[in-house]
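Okay, structure first, notes after.
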Amino acid sequence: MSEPEFKLPTPSARELLWRGFFSENPVFRLALSLCPAVAVTTTAKNGLLMGIAVLAVQVLSSFTVVCVRRWIHDKVRIPVYTIIIATWVTVIDMCCAALVPAVYAEIGLYIKLIVAFAIIISRLELFASQQPLGPSLVDGFAMGLGFAFAMVLIGSLREALGGGTFWGIALLPDRPLLFLLLPAGGFFTIGLLMAAMNWIDLWRGRRLPGSGGGHA
Amino acid sequence: MNDPTNQTPTVDRREFWRIVRSLAVACVLAATVLGIVFTRTEPSIRALTIEREQETVRRLLDLPDSARIDEIRRYAGHAVTGYLMPTTLRVHTEEGSLLRQIPVPQALQAAPAEERDRWVTEQLGDAELLGRFFIGRHPKGTVAGYVTEASQYGFKSLIRFFVALNPIFQIQGVEILAHEEDPGLGAEITRPWFRNQFIGRSVDDLATLAVVKGPMPADRPATVTADTPIYAVTGATISSRALTDGVKQAVAHLQYRVRLLGIADGGDNE
Amino acid sequence: MPDRGKIIDVHQLAVPGLPPTAPEQLRLTTTTDPDVPIAITVVAPATDRPETAVLTTAATLDPKLAYQLTHLETGTQWIVAPSLIGTALTVLIAAALVQNFVFTRYLGLCVFFGVSRKRDTAIGMGVTFTIVGCLSGALAWAIDRFVLGRLQLHFLQIIIFIGIIACLVQTVDTILRKVHRPLHRKFGIYVVLITTNCIILAVPLLNALNQRGFLESLALALGSGLGFALALFLMSCARERADLAPVPIVFRGLPIAFILAGLFALAFLGFSGLRV
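Structure follows, in structure tokens:
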């Protein structure tokens, strides 16, 4: 059982949502779970589906951890969290293959890799293992939503500028920046969006977050 | 993470067993949940795969939903080749002469592919599934066309595709099933403008078919002649050439097998 | 054990020990299509090698495929295939450079951006990851082939692989701590971080998906590790320099690191032309 030395105050739902979307956005701010952010975001649709999958795994895992944390031995808490995540990921993997096979063909491998996403386990460890059920679910939901939001944003930009389409609809006559669809383009897009978020912060008169990047 | 440096080196025995029990219970529970979900979703995943395949075959051959699609599975045994037709298993020597025909038991004819594979393995002693092709039939039973599954190494890894042919072995369509080419470059081979360039080519045309670099001219005539080349995707000549080579080979192999099995003459109108 | 032939040109095949024979006496096929013969147009003695014949085919030959040649009268067989070591080497180089896991498959990015700030940590992580990655790749291959494959339990793949990796990381950590304390002090932290690196999970999953043999699986594990180490090292060098450069304030820290990674990814695109 986890016994934090001091009980963290439980933040409000609005605060949690704001954190997930902007101030602690898992992709742009915490730089966690980046693999899919670059890999599957060549179209906005793929980004959205991946985002939904992560959202589902995050909420389900948070829920499970809150329910069973009383019986989890503290020393093996990380392995048990991993098992919980792996189970939900496999369940979603199989359901995805059964229900939306066309999409699964494209993002199959990355769904399996959700297991190793640091964002999910870090939310379980930092939040769901200590807070009550309601806020834990909201936190999982907010983080998943923030992740999905980031994925759709990156996907839309890459699809529009790189492929000249948006949600599969032809937008531009040509493909102006074809390289955005390549791996390199994914890195550039995220780099620029991170800088844009910093710029928004600067403009709103807040200090910049420490030039981070140490999160694993 | 569990910081190992803070762990006391001596965990007492009862504690140890509690840890083990905690982990074991978690594992068993997880495996149970997965087992249940697997048994629930597996049949529908399998059915969906077959359904999608049949749909692709029908679309490529332009057949109505009522049309019958026969699947022919090809196996390699000890120096023999087995062709599993809907109702018979034909065993040929590698050189092509027919050794024997074994009727497929009624119960197996509609069984899942894995069960039929197992049956073939029993019949041939040892068999490895090497490939498949499909025969599309009109409601009356006459051959409407063929679709073969094939693969070829592209720029990054294997490109898997279907080639559809009409009864006189002209290409009716090419469909890419799976690939790992770069989006925006090699992945463009999946676009209709590229793969439709194959339509209408005959076996003889394919022998001399060339792949040229550069964008397709706007005034390319809609009907291809024997010397109309395949215009490669800009920046992805290797992928384009790979698919073309794969199509050439797939068509040649299919024609050889269809003749060997006597399907075209209506000799094996099952 | 049949003799080995060699593809020397797109239409030519050198076969040692083949006496002058009429093309009709020979049967050349690929191992995946043993029922369809490939037409041989000319059989001529090789000019540069003794007791070797050169076959010319009408169709193009692919050095990545395996072929078999049979002499119909004597029944002698030759195999023309990429050697096992050659295939493994191809997989290794492809995994390290052409399809570098970080720059073209975008895996392991969390750890990549986390530990590429200093050159020392980059080297430490790279070395540790390569070693543990090889161990887990080999172990996962064995369990997948001999346990999951036999029992038809493929749906448990993810959970088993994760379990293997978690156990292995704990074991390596414990052994290192007991056996070599200074080494543990230096590398222990990286060992623990490995579990969050998705490359280590992707390698066994890819091996299982492609049904690779042991040597190839090991080559993929080693190649991915070396590729990751190389990416980390290059990136850390660049980031150390970027720290000293006047970077616009909004780009400082992670954004510039992503731009750098993008530039590296563009540079690695050059390796795609490499035919191995």
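Residue numbers (my numbering), protein chains in the order written: chain A, 1 to 216; chain B, 1001 to 1270; chain C, 2001 to 2276.
Backbone N, C-alpha and C fix where the C-beta goes; we use that ideal spot for every residue, glycine too.
Residues that DSSP places opposite residue i in a beta bridge
i, result
"glutamate 1071 (chain B)", "B:Phe1134"
"serine 122 (chain A)", "Beta-bridge pairing links serine 122 (chain A) to no other residue."
"isoleucine 1050 (chain B)", "In the DSSP output, where bridge partners are listed per residue, isoleucine 1050 (chain B) has none listed."
"aspartate 2003 (chain C)", "C:Trp2078"
"proline 44 (chain A)", "Looking at the sequence provided, one finds alanine at residue 44 (chain A) rather than proline. Paired residues: none, contrary to the question."
"glutamine 1170 (chain B)", "B:Ser1202"
"glutamine 1101 (chain B)", "B:Arg1090"
"isoleucine 2038 (chain C)", "C:Leu2028"
"threonine 2279 (chain C)", "Coverage of chain C is limited to positions 2001 through 2276, which leaves residue 2279 (chain C) absent and any answer about it impossible."
"glutamine 2012 (chain C)", "C:Thr2056"
"glutamine 1152 (chain B)", "B:Ile1159"
"leucine 2205 (chain C)", "None, per the DSSP bridge assignment."
"alanine 1178 (chain B)", "B:Arg1160"
"tyrosine 1083 (chain B)", "B:Arg1074 and B:Arg1090"
"glycine 1145 (chain B)", "B:Gly1136"
Buried versus exposed call for residue i [16 or more other C-beta atoms within 10 Å across all chains shown]
i, result
"isoleucine 1050 (chain B)", "exposed"
"histidine 2291 (chain C)", "Nothing about residue 2291 (chain C) can be reported from this structure: the residues present for chain C run from 2001 to 2276 only."
"asparagine 1950 (chain C)", "Because chain C here runs from 2001 to 2276, residue 1950 (chain C) falls outside it and cannot be looked at."
"proline 2034 (chain C)", "buried"
"leucine 220 (chain A)", "Here chain A has residues from 1 to 216 only, and residue 220 (chain A) is not among them."
"cysteine 2167 (chain C)", "exposed"
"tryptophan 167 (chain A)", "exposed"
"serine 61 (chain A)", "buried"
"tryptophan 267 (chain A)", "No statement about residue 267 (chain A) is possible, as the shown extent of chain A runs from 1 to 216 and does not include it."
"arginine 2212 (chain C)", "buried"
"tryptophan 2141 (chain C)", "buried"
"aspartate 1126 (chain B)", "exposed"
"glycine 1082 (chain B)", "buried"
"glutamate 1188 (chain B)", "buried"
"alanine 31 (chain A)", "buried"
"histidine 1078 (chain B)", "exposed"
"proline 79 (chain A)", "buried"
"glycine 971 (chain B)", "Here chain B comprises residues numbered 1001 to 1270, so residue 971 (chain B) is not present and cannot be evaluated."
"arginine 2241 (chain C)", "exposed"
"leucine 182 (chain A)", "buried"
"valine 2147 (chain C)", "exposed"
"leucine 219 (chain A)", "Chain A is shown from 1 up to 216; residue 219 (chain A) falls before or after that span and cannot be answered."
"threonine 90 (chain A)", "buried"
"valine 2172 (chain C)", "buried"
Contact set between residue i and chain F, taken where Cβ atoms lie within less than 7 Å
i, result
"valine 2250 (chain C)", "Of the chains in the structure shown, none is chain F; the protein chains are A, B and C."
Residue i CB to nearest heavy atom of the ligand SAM below 6 Å
i, result
"glutamate 1149 (chain B)", "Only the bare structure without any ligand can be found here, which leaves the ligand SAM out of the picture."
Determine, using beta-carbon pairs with one atom in the stretch 60-71 of chain A and one in the stretch 124-134 of chain A, whether at least three such pairs fall under 8 Å. yes
Residues from the stretch 80-92 of chain A in contact with chain C, defined by Cβ distance under 8 Å: Thr82, Ile83, Ala86, Thr87, Val89 and Thr90
Taking beta-carbon pairs under 8 Å, can you tell me which members of the stretch 145-168 of chain A lie near chain B? Gly162 and Gly163
Which parts of the stretch 2067-2154 of chain C are runs of the beta strand (DSSP E), unbroken and 3 residues or longer, counting only runs that do not cross its ends? 2067-2071 and 2077-2080
Give, in chain order, every residue of the stretch 2029-2042 of chain C whose Cβ lies closer than 7 Å to some Cβ of chain B. Thr2032, Asp2033, Pro2034, Asp2035 and Val2036
Members of the stretch 2049-2080 of chain C that neighbour chain B once the beta carbon cut-off is set at 9 Å: Ala2058, Ala2059, Thr2060, Asp2062, Lys2064, Leu2065, Thr2070 and Leu2072
Just checking, does the stretch 2244-2264 of chain C make contact with the stretch 2119-2131 of chain C on the three C-beta pairs under 8 Å criterion? no
Check whether the stretch 100-113 of chain A touches the stretch 134-141 of chain A, taking contact to mean three or more Cβ pairs, one atom from each stretch, closer than 8 Å. no
For a minimum of 3 consecutive residues, which ranges assigned as the beta strand (DSSP E) are wholly contained in the stretch 1229-1258 of chain B? none
Three-pair Cβ contact test at 8 Å for the stretch 2228-2246 of chain C versus the stretch 2168-2188 of chain C: no
Three or more beta-carbon pairs under 8 Å between the stretch 1217-1228 of chain B and the stretch 1237-1246 of chain B, yes or no? no
For the stretch 1042-1056 of chain B against the stretch 1081-1092 of chain B, are there 3 or more C-beta pairs whose distance is under 8 Å? no
Taking beta-carbon pairs under 7 Å, can you tell me which members of the stretch 2140-2159 of chain C lie near chain B? Phe2155, Leu2156 and Ile2159
Taking three-plus beta-carbon pairs below 8 Å as touching, is the stretch 9-28 of chain A in contact with the stretch 149-169 of chain A? yes
If contact is defined by three or more beta carbon pairs under 8 Å, each pair taking one atom from either stretch, is the stretch 2031-2047 of chain C in contact with the stretch 2091-2102 of chain C? no
Output, in sequence order along the chain, the residues in the stretch 2177-2204 of chain C whose CB is closer than 8 Å to any CB in chain A. Leu2193, Thr2195, Thr2196, Asn2197, Cys2198, Ile2200, Leu2201 and Ala2202
Closer than 8 Å, Cβ to Cβ, to anything on chain C: give me those residues from the stretch 94-119 of chain A, in chain order. Met94, Leu109, Lys112, Leu113, Val115, Ala116, Phe117 and Ala118
The stretch 2024-2038 of chain C / the stretch 2070-2082 of chain C touching (three or more Cβ pairs under 8 Å): yes
Runs of 3 residues minimum, wholly inside the stretch 36-93 of chain A: which ones carry the beta strand (DSSP E) assignment? none
Any residues in the stretch 1184-1211 of chain B with a beta carbon nearer than 9 Å to a beta carbon of chain A? Which ones, in chain order? Gly1184, Leu1185 and Ala1187
Hey, is the stretch 157-167 of chain A in contact with the stretch 49-60 of chain A, meaning 3+ C-beta pairs nearer than 8 Å? no
So, do the stretch 1135-1150 of chain B and the stretch 1222-1236 of chain B have three or more beta carbon pairs nearer to each other than 8 Å? no
Check whether the stretch 1053-1061 of chain B and the stretch 1020-1038 of chain B touch, using three or more Cβ-Cβ pairs below 8 Å as the test. no
Given 8 Å, three or more beta-carbon pairs between the stretch 1128-1143 of chain B and the stretch 1056-1074 of chain B: yes
What are the residues in the stretch 1014-1026 of chain B lying within 7 Å of chain A by C-beta distance? Arg1018, Ile1019, Ser1022, Leu1023 and Ala1026
Tell me, please, whether the stretch 2200-2210 of chain C touches the stretch 2143-2163 of chain C by the rule of three or more beta-carbon pairs shorter than 8 Å. yes
Compile a chain-ordered list of the residues in the stretch 1219-1231 of chain B whose CB is closer than 8 Å to at least one CB of chain A. none
List, from N- to C-terminal side, the alpha helix (DSSP H) runs of 4 residues or more that fit wholly inside the stretch 2185-2271 of chain C. 2198-2210, 2214-2244 and 2254-2269
Tell me, please, whether the stretch 1025-1035 of chain B touches the stretch 1109-1128 of chain B by the rule of three or more beta-carbon pairs shorter than 8 Å. no
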